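A.B. asks: The sequence shown runs contiguously to residue 194 in my numbering.
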Amino acid sequence: MKKILVLNGPNLNLLGEREPGIYGSSSLDSICAHLTETAEAMGIHVVFAQSNHEGEIIDILHASRTECDGIILNAGAYTHYSYAIRDAIAAIRIPVVEVHLSNIHAREDFRHTSVIAPVCIGQICGFGADSYDLALTALAFRFNQSVPKLEKPIS
Ligand code: DQA
């Protein structure tokens with residue numbers, strides 16, 4: 040069974056209470072619970088991690104290179120300036136899908152740049168919590184895994 044890590048970066052532990060007008064009202068726990076159900080239906084095993092610290096995110100990425108088949112990464116604000124996280128993604132050989140709840144291209148100028156995008160296999164943004172389900176679907180396609188009809192989306 041394929042194993043996917045869903046890795047969330049800074050401030051995403053506060054989902055649900057943090058700027059709900061932008062990020063929605065679902066907590067990170069409820070998003071993870073929903074993803075677990077979606078993944079189960081796809082025959083994929085998902086594991087989760089969250090860190091507010093750049094170095095810890097890099098350590099988790101390194102550890103995943105031998106433990107996981109793919110990663111869904113919401114690097115939060117690090118997306119826009121962390122060359123260290125970009126280099127960590129480039130260093131590991133498993134596919135990484137960049138995810139954002141909000142449409143970063145429709146927001147402040149500094150969010151239009153993603154320094155990690157060139158080393159990810161693709162970017163999904165703007166679909167709220169559903170961005171994570173869509174990223175999982177993208178990885179399932181990559182693994183030639185059949186994708187069942189998805190249940191009602193979380194957001
Ligand atoms: C975010 C977008 C980033 O610009 C922001 O810093 C976040 C969340 C998103 O999921 O929309 O923390 O990654």
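The beta carbon of each residue, even a glycine, is placed where N, CA and C say it ideally should be.
Just so it is clear, the structure is predicted and the values come from calculations on it, not from any experiment.
Starting from Gly109 and walking both ways along the beta strand (DSSP E), at which residues does that stretch end?
C.D. replies: As a position in the sequence shown, residue 109 is number 70, starting the count at 1. Here the beta strand (DSSP E) through Gly109 covers Gly109 to Asn113.
A.B. asks: Taking the alpha helix (DSSP H) that Glu95 belongs to, which residues open and close that run?
C.D. replies: Looking up residue 95 in the sequence shown gives position 56. That run of the alpha helix (DSSP H) goes Glu93 to Ser103.
A.B. asks: What residue range is occupied by the uninterrupted alpha helix (DSSP H) comprising Phe180?
C.D. replies: Sequence index remark: in the sequence shown, residue 180 carries index 141 (1-based). Start and end: Asp169 to Arg181.
A.B. asks: Where Ile110 and Tyr62 are concerned, what is the direct C-alpha to C-alpha distance, given to the nearest angstrom?
C.D. replies: Walking along the sequence shown from the start, residue 110 turns up at place 71. Walking along the sequence shown from the start, residue 62 turns up at place 23. Cα to Cα, Ile110 sits roughly 21 Å from Tyr62.
A.B. asks: By DSSP's criteria, Gly161 is part of a beta bridge. Which residues make up the other side?
C.D. replies: The count along the sequence shown starts at 1 and reaches residue 161 at position 122. Bridge partners of Gly161: Val136.
A.B. asks: The ligand DQA and Tyr120: does any heavy atom of the ligand fall closer than 8 Å to the residue's C-beta?
C.D. replies: One-based indexing of the sequence shown puts residue 120 at position 81. No.
A.B. asks: Can you say whether Ser103 is buried or exposed, counting buried as having 16 or more other CB atoms within 10 angstroms of its CB?
C.D. replies: The residue you call residue 103 lines up with position 64 of the sequence shown. The residue in question, Ser103, is buried, as its Cβ has 16 or more Cβ neighbours within 10 Å.
A.B. asks: Note down the Cα distance separating Cys159 from Glu137, rounded to an integer number of angstroms.
C.D. replies: By one-based count along the sequence shown, residue 159 stands at place 120. By one-based count along the sequence shown, residue 137 stands at place 98. For the pair Cys159 and Glu137, the Cα-to-Cα distance works out to about 6 Å.
A.B. asks: Take Leu67 and list the residues in its own chain whose beta-carbon comes closer than 7 Å to its own, dropping the five residues that flank it on each side.
C.D. replies: Here residue 67 refers to the residue found at position 28 when the sequence shown is read from its first residue. Cβ within range, chain order: Asn47, Leu51, Asn52, Leu54 and Gln89.
A.B. asks: Just how far apart, CA to CA, sit Tyr117 and Ile83?
C.D. replies: Counting from 1 along the sequence shown, the entry for residue 117 is found at position 78. Counting from 1 along the sequence shown, the entry for residue 83 is found at position 44. So the two alpha carbons sit approximately 27 Å from each other.
A.B. asks: Do the segment 68-79 and the segment 171-181 make contact, defined as three or more Cβ pairs closer than 8 Å?
C.D. replies: yes
A.B. asks: Got a sec? Which residues, its chain only, sit under 6 Å from Glu95 by beta carbon, not counting five neighbours each side?
C.D. replies: Your numbering for residue 95 matches position 56 in the sequence shown. Nothing listed; no residue qualifies.
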